[in-house]
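Report on one structure; see the data block that follows.
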Amino acid sequence: MVIQKEKKSCGQVVEEWKEFVWNPRTHQFMGRTGTSWAFIFLFYLVFYGFLTAMFSLTMWVMLQTVSDHTPKYQDRLATPGLMIRPKTENLDVIINVSDTESWDQHVQKLNKFLEPYNDSIQAQKNDVCRPGRYYEQPDNGVLNYPKRACQFNRTQLGICSGIGDPTHYGYSTGQPCVFIKMNRVINFYAGANQSMNVTCAGKRDEDAENLGYFVMFPADGNIDLMYFPYYGKKFHVNYTQPLVAVKFLNVTPNVEVNVECRINAANIATDDERDKFAGRVAFKLRINKT
392 MVIQKEKKSC GQVVEEWKEF VWNPRTHQFM GRTGTSWAFI FLFYLVFYGF LTAMFSLTMW
452 VMLQTVSDHT PKYQDRLATP GLMIRPKTEN LDVIINVSDT ESWDQHVQKL NKFLEPYNDS
512 IQAQKNDVCR PGRYYEQPDN GVLNYPKRAC QFNRTQLGIC SGIGDPTHYG YSTGQPCVFI
572 KMNRVINFYA GANQSMNVTC AGKRDEDAEN LGYFVMFPAD GNIDLMYFPY YGKKFHVNYT
632 QPLVAVKFLN VTPNVEVNVE CRINAANIAT DDERDKFAGR VAFKLRINKT
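Residues 392 to 681 in the numbering used here are what the sequence shown lists, from first letter to last.
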């Protein structure tokens, strides 16, 4: 024989719920007395307080081993890479001489990029250094901060400096300037105390033919030792990286040319096929004329 359970009315359900939330007879809130709730609150207060203290202590101990100025591990940056300016998404410089919008964006990027290299700013912030030797600034037990930096004046870039240049770095005439810079690596003595320079060439025979002639600034793409070592962003607050400007004079128009630039230095390898940006950079150059 099946006994049917009596169905509660809506009012009974509400009354039972009210009694669960607060029972005036037993003075229980949500099924627990005030003492029970106090013990639960105290337990979680102590538990999470302990976790917070342990996490804070762990972070404090870890931070004691980290320098504010030098990364603890730099193994991924053992060999500096090269990069180009103007900076483009796919490392390609494609312009149409007759279409101002196609190259004006590059010109604006270069104006902003080269502004810190203005001679007046460099003279105000940085030192005139002796060429051919590293500009070392050891701490000798006392924090030597901030480090001074050597001047790299915009005028060293010759006709690629963009100063008073109606050709807009050569982009309006189909003779563009592309700037090569070496990525920064803290405490790296580039060149191993020997002279170094940047060279560029077409990646294939047909690229070399279409690339034509080009000139480099400073002469022969030289990078002086005095811009090294780099001590880090917080130490070297006014540091400006040395640049090499490449002005392409007669690239075959309407043809895509693959260009590769390398740094020639005693302690920078450029033949690692696993890292195609180590000591080198490849980019595409196309100058359309219609």
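Virtual Cβ for every residue (Gly too), placed ideally from N, Cα, C.
- For residue 441, the secondary structure class from DSSP, reduced to helix, strand or coil, is helix.
- Boundaries of the beta strand (DSSP E) around residue 569: 568-573.
- In the three-state reduction of the DSSP assignment, residue 676 falls in the strand class, which pools E and B.
- With respect to residue 652, residue 505 sits apart: the two C-beta atoms are not nearer than 8 Å.
- Cβ contact annotation for residue 611 (same chain, cutoff 7 Å, sequence separation greater than five): 588, in chain order.
- According to DSSP, residue 494 shares a beta bridge with no other residue.
- Rounded to the nearest whole angstrom, the CA to CA distance from residue 539 to residue 477 is 27 Å.
- Note on geometry: alpha-carbon atoms of residue 664 and residue 622 lie some 29 Å from one another.
- Secondary-structure assignment with DSSP links residue 534 through no beta bridge to anything.
- For residue 650, the closest C-alpha among the options 516, 517, 485 is that of 485.
- Taking a C-beta distance under 8 Å as the contact criterion, residue 681 and residue 493 do not qualify as a contact pair.
- The Cβ atoms of residue 533 and residue 637 do not sit closer than 8 Å to each other.
- Here the C-alpha atom of residue 544 lies approximately 5 Å from the C-alpha atom of residue 508.
- Taking each of 432, 648, 586 in turn and checking the Cα distance to residue 656, the smallest one comes out for 586.
- For residue 640, the three-state secondary structure derived from DSSP is coil.
- CA-CA distance, residue 609 to residue 549, rounds to 8 Å.
- Residue pairing of residue 651 in beta bridges, as defined by DSSP: 592, 673.
- Using a Cβ distance threshold of 8 Å, residue 514 and residue 542 count as a contacting pair.
- With fewer than 16 other CB atoms across the displayed protein chains lying within 10 angstroms of its CB, residue 439 is exposed.
- Beta-carbon to beta-carbon, residue 617 and residue 526 are separated by about 5 Å, close enough to satisfy the 8 Å threshold.
- Comparing alpha carbon positions, the residue from 557, 583, 510 closest to residue 631 is 510.
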